[in-house]
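Asker: Protein sequences appear in the order of chains S and C.
Counted the way numbering that gives the first Met the number 0 counts, the first sequence spans residues 0 to 543.
Counted the way numbering that gives the first Met the number 0 counts, the second sequence spans residues 0 to 100.
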Amino acid sequence: MKLKNNFALKLLAGVVFVMAALSVIVSIIGYYLFTRSIVHQYSNSAWNTARTAAIYVVPGLVVNPRYDVREWQARSNMVHREWQRLANTQNASLIYVFRAYGENYQDIEFFTNVAGPNFPSEVFPDGYKIQQKDQRYLHAFKKIYEEGQERVEIEVYRAPSPEFPSGNHITVMIPFKDNMTGEILAIIAVEREMEELDNVRHGYLRHVLATTAILLVFVIFLYGLYLKRNLIAPIRKIAGEALRFAYENKKPDIPLQSEIKTQDEVGQLALTIDTMESDILNYVENLTRVTKEKEQIKAELNVATQIQADMLPRKFPPFPERNEFEIYASMNPAKEVGGDFYDFFFIDPDHLALVIADVSGKGVPAALFMVISKTLIKNRAQMGGTPAEILHDVNNQLCEGNEADLFVTVWLGILEISTGHLISANAGHEYPALKRVGGKFEIVKAKHSPAVATMEGIKFKNAELDLGPGDLLYVYTDGVAEATNSQEELYGTDRMIEDLNKNLDADPEELLINMKREVDNFTGDAPQFDDITMLGIKISLHNS
Amino acid sequence: MLFDKSENGEVLTLTLDKKLTAVTAGELEKDLIEKLAGVKSFTVDMSRLVYVSSAGLRVLLNAQKYMNKTNGSMIVKNAVPEVMKIFETTGFNEILNVKNS
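1. Any heavy atom of the ligand MN inside 6 Å of the beta-carbon of Ala99/S?
2. Once DSSP output is grouped into helix, strand and coil, what is the label at Glu481/S?
3. Glu87/C versus chain S: which residues are under 7 Å apart at the beta carbon?
4. Do you know how far the Cα of Phe16/S is from the Cα of Asn87/S?
5. Label Phe220/S either buried or exposed according to how many other C-beta atoms from any shown protein chain fall within 10 Å of its C-beta, with 16 as the threshold for buried.
6. Given a limit of 7 Å on CB to CB distance, which residues of the stretch 17-37 of chain C reach chain B?
7. Taking Leu85/S as the reference, give the member of Thr290/S, Arg50/S, Ala73/S with the closest Cα.
8. Per the DSSP calculation, Asn415/S is bridged to which residue(s)?
9. Residues of chain S with a CB under 8 Å from the CB of Ala62/C: which are they?
10. Unbroken beta strand (DSSP E) runs of length 3 or more, entirely within the stretch 123-202 of chain S: which are they?
11. For the beta strand (DSSP E) holding Ala7/S, just list the boundary residues, first then last.
12. Under 7 Å between the Cβ atoms of Val96/S and Val56/S?
13. For Asn7/C, name the three-state secondary structure that DSSP assigns.
14. Are the stretch 504-524 of chain S and the stretch 11-22 of chain C in contact at 8 Å, needing three or more beta carbon pairs?
15. Terminal residues of the continuous alpha helix (DSSP H) containing Tyr282/S?
16. Counting Cβ pairs closer than 8 Å, one from the stretch 26-38 of chain C and one from the stretch 410-430 of chain S, do we hit at least three?
17. Evaluate Gly90/C with the Cβ neighbour count: other Cβ atoms within 10 Å of its Cβ, from every protein chain shown; 16 or more gives buried, anything less gives exposed.
18. Can you name the residues of chain C whose CB is closer than 8 Å to the CB of Lys361/S?
19. When burial is assigned at 16 or more other CB atoms within 10 Å of the CB, is Tyr136/S buried or exposed?
20. Nearest to Arg74/S by alpha carbon, out of Ile107/S, Leu242/S, Thr111/S, Leu489/S?
21. Please state if the CB of Ala450/S and the CB of Thr408/S are separated by a distance shorter than 7 Å.
22. With 9 Å as the limit, tell me which residues of the stretch 284-305 of chain S have their beta carbon closer than that to any beta carbon of chain C; keep them in chain order.
23. Is the beta carbon of Tyr327/S less than 7 Å from the beta carbon of Gly478/S?
24. Mapping DSSP to helix, strand and coil, what is Ile107/S?
25. Is the distance from the Cβ of Gln105/S to the Cβ of Gln130/S below 7 Å?
26. Looking at the strands, I want to know which residues DSSP matches up with Ile538/S.
27. With DSSP collapsed to three states, give me the class of Ser52/C.
28. DSSP on Met83/C, reduced to helix/strand/coil?
29. Skipping 5 residues on each side, what residues in its chain have a beta carbon closer than 8 Å to that of Asp470/S?
30. Taking the beta carbon of Val75/C as the centre, do at least 16 other beta carbons fall within 10 Å, making it buried, or is it exposed?
31. Where Met0/S and Glu240/S are concerned, what is the direct C-alpha to C-alpha distance, given to the nearest angstrom?
32. Starting from Phe528/S, find everything on chain C with Cβ-Cβ shorter than 9 Å and list it in chain order.
33. Reducing DSSP to helix, strand and coil, say where Thr532/S ends up.
34. For the alpha helix (DSSP H) holding Arg545/S, just list the boundary residues, first then last.
35. Applying the criterion that 16 or more other CB atoms from any shown protein chain within 10 Å of the CB defines a buried residue, is Arg47/C buried or exposed?
36. As a quick exercise: from Leu93/S, Glu323/S, Leu503/S, Arg313/S, pick the residue whose alpha carbon is nearest that of Met330/S.
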């Protein structure tokens with residue numbers, strides 16, 4: 000496994016980063032507070048020194064001009080002596096008294112000062128005057144003179160240099176006031192080296208860092224162990240199992256649940272993977288079975304389609320020995336098996352029965368009903384009678400036990416070949432179209448009855464028509480008239496008549512092939528949603 | 000399609016729209032069996048229906064047969080001319096009680 004892809008390392012890196020950041024923050028805060036506390040101690044020490052130093056100062060010492068030089072000198076010598084002792088015992092590096100005046104208090108006059116034992120620089124002679132430019136000092140003077148503060152501190156942090164031999168130091172200043180008037184006569188300042196500060200602070204830092212580092216290593220080690228035990232190992236196991244399943248698609252030897260028993264998210268994940276695996280296996284098994292069954296049904300449907308197709312006369316010309324007429328018919332089911340059918344057969348040598356029908360609905364139920372209807376019509380027709388009588392009997396038979404409540408629209412015609420006399424009955428079917436010789440196709444409307452098998456006892460009506468040589472009769476199902484294109488437009492009988500009239504000289508076969516093409520052109524890529532069935536018969540011209 | 004049944008459950012109005020094809024007829028048949036229970040007066044409003052297939056006619060026929068059997072009444076109203084033509088062609092105007100306003 001590549002390092003950067005390692006889940007455990009990512010988690011650990013995150014923890015290390017957070018802990019290190021936390022340690023740094025804690026160290027910085029600790030370092031600051033620790034420094035403050037040390038500086039405070041130095042400050043207090045310097046302050047106490049300053050207050051002690053103030054005891055020896057009298058107003059006469061800090062005035063200029065001096066009125067009595069001799070007395071002043073005696074006082075000054077005493078102050079020097081006492082302060083030197085103070086500086087030596089209190090570790091002060093400088094004790095001095097001065098006044099600040101002028102604009103922004105930048106003019107300084109030193110009255111007296113002493114240097115501590117370890118302070119190598121020179122001290123100013125008494126009465127020495129300088130200009131103070133350092134803003135920190137000017138600011139401090141202002142606090143004393145104007146704001147009446149009794150204690151002002153200035154901290155300086157730097158490394159000792161030849162120019163400034165003192166390193167980190169703190170200066171504490173207190174005002175010296177006239178006892179009577181309270182006027183601030185001078186400022187007494189004590190400078191204290193913070194010689195131990197750096198050592199102590201560095202020591203603190205070293206300790207904290209070392210402790211943190213050791214703690215960090217320890218925590219990382221423990222946390223790593225914890226992660227590995229409770230997270231990494233189970234997740235690796237789950238990942239491994241998922242990978243195995245993806246390749247093998249088989250049941251695991253040991254389910255994850257029996258190895259990972261925690262109730263947390265990892266446990267849930269393990270449970271989910273187990274469930275998912277068994278679900279997928281079941282699903283695949285079902286799918287395989289269903290697919291197999293579907294294949295089987297499809298194969299059976301193919302056989303059914305074949306059987307249905309075989310039931311319709313499909314050999315053309317069907318009666319080669321008869322030259323009195325030409326006949327052609329076609330059926331294109333919308334699904335594998337359709338509900339439409341056509342039929343033609345001789346009842347006797349002079350009477351030809353023509354049938355076109357459409358069972359309500361589609362698919363297998365419609366196909367089964369079609370088989371019964373077709374058989375009953377043919378059997379009943381061959382027993383003789385007019386189309387109305389035939390349909391009446393067929394209707395009553397079909398109504399018996401028609402639990403599925405299917406029905407069938409039928410156009411049944413019986414043509415007397417010798418005379419061209421056609422008797423037909425229309426049970427809810429589309430009107431035929433007729434082209435007289437030399438003329439155009441027109442819809443022939445005749446009396447209508449309800450579809451067959453709708454209700455028992457329906458009386459059907461016969462219509463009569465005489466066909467002459469060259470006349471062509473075209474019957475069809477609603478799959479033609481009601482073909483629909485992708486814009487939801489109906490093909491319609493008007494368009495049908497128009498297209499029929501493009502084929503005035505065609506024989507029935509050519510006409511039907513052309514009409515199927517016209518319908519297909521119209522519907523375009525819209526799916527065919529009803530069976531398309533047509534039958535055409537033309538009386539031969541030499542038939543008289 | 001939209002069913003509107005009265006509070007006492009005896010009057011049911013069905014409003015059909017678009018096309019009643021083999022697919023929609025199958026759905027309608029399933030719903031209709033449930034909805035027709037206990038109905039005495041059933042009205043089918045076809046003002047928004049433009050086409051009925053043979054499968055659709057079958058469902059209407061079944062509804063008519065059911066209403067006949069339970070001594071209820073069924074009225075088909077507001078059929079547009081295209082649908083009316085289908086009823087006439089198939090002879091359904093003689094089986095169904097088609098009323099046009």
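We put the beta carbon where it would ideally sit given N, CA and C, even for glycine.
Please read all numbers here as calculations on a predicted model, not as lab measurements.
Answerer: Per the coordinate set shown:
1. Among the ligands in the structure shown, none appear at all, so the ligand MN cannot be discussed.
2. To locate residue 481/S, count along the first sequence from 1; it is residue 482. Looking at Glu481/S - three-state DSSP - the assignment turns out to be coil, as it is neither helix nor strand.
3. Taking the first residue of the second sequence as position 1, residue 87/C is located at position 88. Within chain S, the residues near Glu87/C are His447.
4. Stepping through the first sequence from its first residue, residue 87/S is reached at position 88. Stepping through the first sequence from its first residue, residue 16/S is reached at position 17. Spanning the two alpha carbons is a distance of roughly 51 Å.
5. Residue mapping note: residue 220/S aligns to position 221 of the first sequence, counting from 1. It is exposed - the Cβ of Phe220/S has fewer than 16 other Cβ atoms within 10 Å.
6. Reference to chain B is not applicable here, since the protein chains of this structure are S and C.
7. Here residue 85/S corresponds to residue number 86 of the first sequence, with the count starting at 1. When each option's Cα is compared against that of Leu85/S, the closest is Arg50/S.
8. Position 416 of the first sequence, counting from 1, holds the residue named residue 415/S. Here residue 415/S is Glu; the residue named in the question, Asn, does not match the sequence. Beta-bridge annotation (DSSP): Glu415/S is paired with His350/S, His420/S.
9. By 1-based counting over the second sequence, the position of residue 62/C is 63. Here the premise fails: no neighbours, minimum Cβ distance about 10 Å.
10. Counting whole runs of 3 or more residues, the stretch 123-202 of chain S contains the beta strand (DSSP E) stretches 128-130, 151-155, 168-176, 183-192.
11. Position 8 of the first sequence, counted from the first residue, corresponds to residue 7/S. Careful: Ala7/S lies outside any beta strand (DSSP E), inside the alpha helix (DSSP H) at 6-54.
12. For the purposes of this step, residue 96/S is taken as the residue at position 97 of the first sequence. For the purposes of this step, residue 56/S is taken as the residue at position 57 of the first sequence. It is a contact, given that the beta carbons lie within the stated cut-off.
13. Here the question's residue 7/C lines up with position 8 in the second sequence. Reduced to three states, the DSSP call for Asn7/C is coil.
14. no
15. For the purposes of this step, residue 282/S is taken as residue 283 along the first sequence, with counting starting at 1. DSSP places Tyr282/S in the uninterrupted alpha helix (DSSP H) bounded by 264-310.
16. no
17. Stepping through the second sequence from its first residue, residue 90/C is reached at position 91. Buried, because 16 or more other Cβ atoms sit within 10 Å of the Cβ of Gly90/C.
18. The residue you call residue 361/S lines up with position 362 of the first sequence. Residues of chain C passing the Cβ test: Ala21, Ala54.
19. Within the first sequence, numbered from 1, the residue matching residue 136/S stands at position 137. Buried, because 16 or more other Cβ atoms sit within 10 Å of the Cβ of Tyr136/S.
20. One-based indexing of the first sequence puts residue 74/S at position 75. Looking at the Cα atoms, Thr111/S is the closest of the given residues.
21. On the first sequence, residue 408/S is found 409 positions in, with the first residue counted as 1. On the first sequence, residue 450/S is found 451 positions in, with the first residue counted as 1. Annotated as proximal: Thr408/S and Ala450/S, with beta-carbon spacing under 7 Å.
22. When CB distances to chain C are screened at a threshold of 9 Å, not a single residue of the stretch 284-305 of chain S falls below it.
23. In the first sequence, counting from the first residue as 1, residue 327/S sits at position 328. In the first sequence, counting from the first residue as 1, residue 478/S sits at position 479. No, Cβ-Cβ distance for Tyr327/S and Gly478/S is not below 7 Å.
24. Within the first sequence, numbered from 1, the residue matching residue 107/S stands at position 108. DSSP places Ile107/S in strand when its eight states are reduced to three.
25. To locate residue 105/S, count along the first sequence from 1; it is residue 106. To locate residue 130/S, count along the first sequence from 1; it is residue 131. In contact: Gln105/S and Gln130/S (Cβ atoms closer than 7 Å).
26. Indexing the first sequence from 1 puts residue 538/S at position 539. Phe324/S, per the DSSP bridge assignment.
27. For the purposes of this step, residue 52/C is taken as residue 53 along the second sequence, with counting starting at 1. Ser52/C falls in the coil class under three-state DSSP.
28. Taking the first residue of the second sequence as 1, we reach residue 83/C at position 84. The answer is helix: DSSP assigns Met83/C an H, G or I state.
29. Numbered from 1 along the first sequence, position 471 holds the residue referred to as residue 470/S. Correct list, in chain order: Gly419, Leu433, Lys434, Arg435, Val436, Lys537, Ile538.
30. Locating residue 75/C in the second sequence gives position 76, where the first residue counts as 1. Buried, since its Cβ has 16 or more Cβ neighbours within 10 Å.
31. Taking the first sequence and counting its residues from 1, the one referred to as residue 0/S is at position 1. Taking the first sequence and counting its residues from 1, the one referred to as residue 240/S is at position 241. Low per-residue confidence applies at Met0/S: pLDDT is 45, beneath 50, and the placement is therefore not dependable, though the value from the model is reported in the following sentence. So the alpha carbons of these two residues sit roughly 16 Å apart.
32. Taking the first residue of the first sequence as 1, we reach residue 528/S at position 529. Correct list: Thr20, Ala21, Val22, Ser52.
33. Against the first sequence, residue 532/S aligns to sequence position 533. Of the three classes helix, strand and coil, the one that applies to Thr532/S here is strand, per DSSP.
34. With chain S running from 0 to 543 in the structure shown, residue 545/S is simply not present.
35. Taking the second sequence and counting its residues from 1, one reaches residue 47/C at position 48. Here Arg47/C is exposed, its C-beta having fewer than 16 other C-beta atoms within 10 Å.
36. Indexing the first sequence from 1 puts residue 330/S at position 331. Across the set Leu93/S, Glu323/S, Leu503/S, Arg313/S, the C-alpha of Arg313/S shows the shortest separation from the C-alpha of Met330/S.
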